[in-house]
Amino acid sequence: MSGSAENEKLFKPVGDAAEEVNMEESQNQAGVKNTGAADSMGHPVQEIESLCMNCHKNGITRLLLTSIPYFKEIVIMSFECPHCGFKNAEIQPASQIQEKGAKYMLKIEERSDFNRQVIKSETATCKFLELDIEIPPKRGQLTTVEGLLSEMIDDLEADQEARKTIDESLYEKIETFICKVKKYINCEPGTLPLTFILDDPAGNSWIEYKPGEPLHKWSHTDYFRTEEQNVQVGIITRDQLEQRQREKLAELSKRERNPSEAVKVDSTASEFLSDATEIENYGNEVQTFKASCPSCMHECETHMKPVNIPHFKEVIIMSTVCDNCGYRSNEVKTGGAIPDRGKKITLYCDDPADLSRDILKSETCTLVIPELHVEVQQGTLGGRFTTLEGLMKQVYDELETRVYSQTSDSMDDATKHRWQEFFGSLKEALEGKKKFTVIMEDPLAGSYIQNVYAPDEDPNMTIEEFERTKEQNEDLGLNDIKVDH
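Once you know that position 84 of the sequence shown is 84 in the UniProt record's numbering, the rest is easy, because the numbers rise by one and skip nothing.
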């Protein structure tokens with residue numbers, strides 16, 4: 001049986017779980033007992049006797065392997081102790097740590113948005129910007145937006161009586177804050193919209209998406225983890241991070257003492273020499289150097305080659321392959337100095353030949369196709385140098401795989417119809433039967449669409465420059481760059 005078939009057998013949609021009850025319970029040799037509740041395919045909810053951390057007697061842990069439509073497989077766990085009454089519930093992702101972290105944004109504009117389903121892993125941080133609230137990483141949860149806020153209110157209210165006797169001023173401040181949060185939950189006038197951000201460096205969290213909604217309402221961005229975040233999700237230990245930092249400091253110190261020596265690209269174990277040495281035919285060769293795999297931390301090879309794009313600039317194509325765990329990645333990096341202004345490119349595609357145009361989408365670029373309701377946020381898909389058809393095909397394939405790899409029985413008819421309309425419209429555009437507009441906005445001006453009329457102007461394409469906002473400079477880390485001395 002293939003891996004996908006096994007997943008379908010083990011992980012059924014959460015809405016299908018426990019629909020039928022089988023009164024005949026079975027006990028296996030490992031002490032795992034079926035509760036009798038089963039999903040639509042007969043997969044049971046299982047019970048395991050386990051230690052209660054409150055009274056240290058034995059309680060019951062219940063496990064359900066299930067899947068969330070448009071997301072991935074998870075394990076739902078609940079514990080209950082019959083002796084002391086202690087209860088606990090959490091979720092664990094059944095998939096591995098993702099290659100990149102994930103950041104979701106939801107604009108809450110009406111009451112129904114508080115009912116959106118939320119998968120919050122144990123490494124995720126939740127922020128409500130207008131309320132100036134940040135919920136730090138803790139246990140994994142399958143909940144709703146309202147559920148996150150309600151749980152926070154319950155935690156605050158639990159100690160209010162004690163605070164009133166100890167510090168009445170603090171009690172009043174927290175009481176005022178609780179009332180403010182409740183006003184947002186009740187959607188009182190002047191409260192909405194509310195911006196909810198879910199940031200998970202492990203990439204295993206999620207906010208429910210509704211097909212066909214406005215582009216500004218929901219967004220998803222992938223990003224590369226920092227070394228500190230790798231420690232947080234458990235990819236490397238704190239000792240390994242400190243060892244790397246010491247090695248980097250030693251390498252920097254060595255460079256300062258011997259600036260004429262060849263500079264190694266990677267301080268861990270690299271044989272590749274940088275531009276400090278003379279490399280013949282650098283522009284025509286594929287350079288290979290050793291690096292650490294971001295997935296398993298074993299040594300792997302990264303290949304790099306500079307490519308000159310006519311009428312644009314030189315870019316670097318990079319690919320990494322790990323023989324140990326099978327990790328693969330490829331991306332495109334633009335070279336040169338950071339430009340003073342961002343760039344917005346708008347192309348009106350009224351001919352099937354436009355699909356064959358070369359396109360470079362950098363990591364900082366947002367791509368929007370309004371007629372098709374497509375929006376690719378910064379960080380999503382990484383840097384890509386392909387054709388317009390290739391980029392749209394990748395969007396189509398990834399969305400279709402995510403949507404239809406889940407059991408469609410969990411979708412209502414309206415949701416199915418919206419997805420069918422979306423994929424139908426995107427397929428028409430890929431077949432050249434539909435006209436559409438591509439809008440690429442890149443604050444670092446590192447993206448490009450081929451001008452087939454070059455060096456003359458393209459009548460269907462406009463290129464505009466714009467000043468970056470202070471927030472964009474902050475997101476890109478430009479406000480902290482110091483170039484003095």
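Beta carbons are placed, not taken as given, at the ideal position from N, Cα and C, and that holds for glycine.
Check	Outcome
Using DSSP with H/G/I as helix, E/B as strand and the rest coil, what is Tyr104?	strand
Would Leu198 pass as a contact of Lys138 if the rule is Cβ separation under 8 Å?	no
Along the chain, where does the beta strand (DSSP E) containing Arg328 start, and where does it finish?	Arg328 to Thr334
Of the residues Gln420, Glu441 and Leu430, which one's Cα is nearest the Cα of Gln394?	Leu430
Could you check the C-alpha separation between Glu465 and Glu146 for me, to the nearest Å?	41 Å
By how many angstroms is the C-alpha of Glu421 removed from the C-alpha of Ala17?	Low per-residue confidence applies at Ala17: pLDDT is 49, beneath 50, and the placement is therefore not dependable, though the value from the model is reported in the following sentence. Going from the Cα of Ala17 to the Cα of Glu421 covers about 29 Å.
Relative to the C-alpha of Asp475, which residue among Gln378, Glu122 and Met53 is closest?	Gln378
Can you find a heavy atom of the ligand SAH that lies under 7 Å from the Cβ of His303?	For the ligand SAH, the structure offers nothing, since it holds no ligand at all.
Output needed for Glu103: all residues of its chain with C-beta closer than 6 Å, excluding positions within five of it in sequence on either side, in chain order.	The sequence shown places Lys at residue 103, not Glu. Excluding positions up to five away in sequence, the list reads Asp199 and Thr221.
Is Gly342 buried or exposed, if buried means 16 or more other CB atoms sit within 10 Å of its CB?	buried
Along the alpha helix (DSSP H) that carries Ile236, what are the first and last residues, could you check?	Counting along the chain, Ile236 falls outside any alpha helix (DSSP H), and DSSP gives it neither H nor E.
Return the first residue and the last residue of the beta strand (DSSP E) that Ile317 is part of.	Glu314 to Val321
Quick check on the DSSP output: the alpha helix (DSSP H) that includes Ser169 runs from which residue to which?	Glu168 to Ile185
Hey, how far is the Cα of Trp218 from the Cα of Ile108?	9 Å
For Arg468 and Glu363, I'd like the C-alpha separation in whole angstroms.	16 Å
Quick check: the region 202 to 217 against the region 121 to 133, are there 3 or more CB pairs under 8 Å?	yes
Helix or strand or just coil, what does DSSP make of Thr227?	Strictly speaking, residue 227 in this sequence is Glu, with Thr absent from that position. Glu227: helix per DSSP, three-state reduction.
Measure the C-alpha to C-alpha separation of Ala250 and Cys293 and round it to an integer number of angstroms.	22 Å
At which residues does the alpha helix (DSSP H) containing Ala158 begin and terminate?	Val145 to Ala158
Taking the C-alpha atoms as reference points, what is the distance between Asn330 and Phe385?	10 Å
Enumerate in chain order the residues of its own chain whose CB-to-CB distance from Arg111 is below 6 Å, with the five nearest sequence positions on each side excluded.	Cys187
Spatial neighbours of Ile178 within its chain, please: C-beta separation below 7 Å, excluding the five flanking residues on both sides.	Ile153, Leu156 and Glu157
Can you confirm whether the region 79 to 97 touches the region 169 to 178 when touching is taken to mean that 3 or more C-beta pairs between the two stretches lie within less than 8 Å?	no
For Asn324, which option in Leu372, Val368, Lys183 and Ser295 has the closest C-alpha, if you only look at C-alpha atoms?	Ser295
So is Lys308 buried or exposed if we call it buried at 16+ other beta carbons inside 10 Å?	Sequence inspection shows Asn at residue 308; the Lys mentioned does not correspond to that position. Exposed, since its Cβ has fewer than 16 Cβ neighbours within 10 Å.
In whole angstroms, give me the CA-to-CA distance for Glu208 and Thr195.	15 Å
Distance, Cα to Cα, Ile76 vs Glu47?	12 Å
Can you say whether Thr288 is buried or exposed, counting buried as having 16 or more other CB atoms within 10 angstroms of its CB?	exposed
According to DSSP, simplified to helix, strand and coil, what is His373?	coil
Let's test the definition: count the other Cβ atoms within 10 Å of the Cβ of Gly85 and tell me whether it reaches 16, buried, or not, exposed.	exposed
Measure the CB-CB distance between Ile359 and Leu388 and report whether it falls below 8 Å.	yes
Where do the ends of the beta strand (DSSP E) carrying Thr462 lie?	Met461 to Phe466
What's the C-alpha gap between Thr226 and Leu241?	11 Å
Under the rule that 16 or more other beta-carbon atoms within 10 Å means buried, what is Asn58, buried or exposed?	exposed
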